[in-house]
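When you number the sequence shown by this note's numbering, it's gap-free, plus one each residue, and the end is 696.
Comments concern the structure below.
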Amino acid sequence: MKNQMNVSQVLFFFLTAYIDSGVLAYLYFTAVLFLYILIIVSNVLLIAVICVNRSLHEPMYMFLCSLFVNELYGSSGLFPFLLVQILSHLHSVAAPFCLLQVFIVHSYGAVEFLNLAVMSYDRYLAICYPLQYNTRMTPTKIAVLIAASWLYPFVVMSFSMTLIPVKLCRNQINKVYCDMHSLVKLACSDTALTNIYGLTATFSTIFISLLLILYSYIKILAVCFSGSKQTRQKAVNTCTPHLASILNFSCGGSFEVSQSRFDMSFLPNVLRIFLSLYFLTAQPLFNPLMYGLKMSKIRNICKSLIMNIRSQIYSPSFN
Numbered sequence: 378m379k380n381q382m383n384v385s386q387v388l389f390f391f392l393t394a395y396i397d398s399g400v401l402a403y404l405y406f407t408a409v410l411f412l413y414i415l416i417i418v419s420n421v422l423l424i425a426v427i428c429v430n431r432s433l434h435e436p437m438y439m440f441l442c443s444l445f446v447n448e449l450y451g452s453s454g455l456f457p458f459l460l461v462q463i464l465s466h467l468h469s470v471a472a473p474f475c476l477l478q479v480f481i482v483h484s485y486g487a488v489e490f491l492n493l494a495v496m497s498y499d500r501y502l503a504i505c506y507p508l509q510y511n512t513r514m515t516p517t518k519i520a521v522l523i524a525a526s527w528l529y530p531f532v533v534m535s536f537s538m539t540l541i542p543v544k545l546c547r548n549q550i551n552k553v554y555c556d557m558h559s560l561v562k563l564a565c566s567d568t569a570l571t572n573i574y575g576l577t578a579t580f581s582t583i584f585i586s587l588l589l590i591l592y593s594y595i596k597i598l599a600v601c602f603s604g605s606k607q608t609r610q611k612a613v614n615t616c617t618p619h620l621a622s623i624l625n626f627s628c629g630g631s632f633e634v635s636q637s638r639f640d641m642s643f644l645p646n647v648l649r650i651f652l653s654l655y656f657l658t659a660q661p662l663f664n665p666l667m668y669g670l671k672m673s674k675i676r677n678i679c680k681s682l683i684m685n686i687r688s689q690i691y692s693p694s695f696n
């Protein structure tokens, strides 16, 4: 019989997916640190631009602000952890921090999907009901939609944490970070209830989000085909970054869900690590860059801000 450990007695989990990179560890550390700084700067910049400029106090930008806050939340649950582990020789993590990372990673993914779904509903109202948009998308409704997209994942994950198996046979996790299913795999006892709940919670979140996204875009396409050229152009300008964000996150998230549930050992270890980190690293950088470049209002304000800073730096000073 395998040795059983109570989860409360486990002090550390060991991450076995890390490879011995030698002196290259410092190069990886620098690259990850640069990426993290870029994510923080780009997301904080756009949050500040939206909050400070009254012209951006519109529903679409409020939802974008919520999305950028979630990027900071998710990346902060991963990048400081990675930076420590890259330079570590033991690759161990204290049990409380591992559980905290599980909560952050999974709630981040759910909040991301629900935020994108709410944004698709907002685009549906703006394009299909332009004259009624302000009466339908009231400040109260905006607050309720944003609150729901955050509270639902937090409540679901809080309950999920109580289902983590009490008896563990091992404390080695074959990944570079902690996630729920990796902890469940360590259990000595039957985990059928935990797996059923996990699958139900995951697919209910995905189903609700995809249902709202599909409904919104079917309606948008119907209006575009029957509307004017100006309507189609407006739809393309506002929906392109949103669709790109959905596809990017869905591809990364799909691989992570598949890797957690199925045997992916036929893939090279480096590729599995890269793909498992994709939805947590690419999305927080992809969203601010995509929306900052494609949304004309944000782009113009950022340009004027950069120009003002440059003029202040290079303008001659007079005594």
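Don't be surprised by glycine CBs; every beta carbon is placed ideally from N, CA and C.
The structure presented is a predicted model; accordingly, all values stated were derived computationally and were not measured.
Helix, strand or coil: how does DSSP classify residue i here?
i: Ala564; result: strand
i: Glu435; result: coil
i: Ser605; result: coil
i: Leu459; result: helix
i: Pro618; result: helix
i: Gln509; result: coil
i: Asp556; result: coil
i: Val634; result: helix
i: Gly454; result: coil
i: Ser688; result: helix
i: Leu464; result: coil
i: Pro645; result: coil
i: Thr515; result: coil
i: Val426; result: helix
i: Asp397; result: coil
i: Thr539; result: coil
With DSSP as the reference, please indicate the residues paired to residue i in a beta bridge.
i: Val470; result: Phe390
i: Ile550; result: Leu392
Does the distance from the C-beta atom of residue i to that of residue j stay below 9 Å?
i: Cys616; j: Ile597; result: yes
i: Leu662; j: Tyr485; result: no
i: Val479; j: Met538; result: yes
i: Phe626; j: Leu449; result: no
i: His619; j: Arg500; result: yes
i: Thr517; j: Leu540; result: no
i: Leu682; j: Val426; result: yes
Tell me, to the nearest whole angstrom, how far the beta carbon of residue i is from that of residue j; I am working on the premise that it is less than 8 Å.
i: Val553; j: Tyr395; result: 6 Å
i: Asn548; j: Phe390; result: 5 Å
The ligand GTP and residue i: does any heavy atom of the ligand fall closer than 8 Å to the residue's C-beta?
i: Cys442; result: This structure lacks the ligand GTP, and indeed carries no ligand of any kind.
*Could you say if the segment 510 to 529 and the segment 429 to 444 meet the contact criterion of at least three C-beta pairs nearer than 8 Å?*
yes
*Should the segment 577 to 592 be regarded as contacting the segment 487 to 507, the criterion being three or more beta carbon pairs within less than 8 Å?*
yes
*Between the segment 633 to 652 and the segment 552 to 571, are three or more C-beta pairs nearer than 8 Å?*
yes
*Per the contact definition of three or more C-beta pairs closer than 8 Å, is the segment 495 to 509 in contact with the segment 417 to 427?*
In short, these stretches do not touch, since the Cβ pair count stays below three.
*Inter-stretch contact (C-beta, 8 Å, three-pair minimum) for the segment 392 to 411 and the segment 447 to 464*: yes
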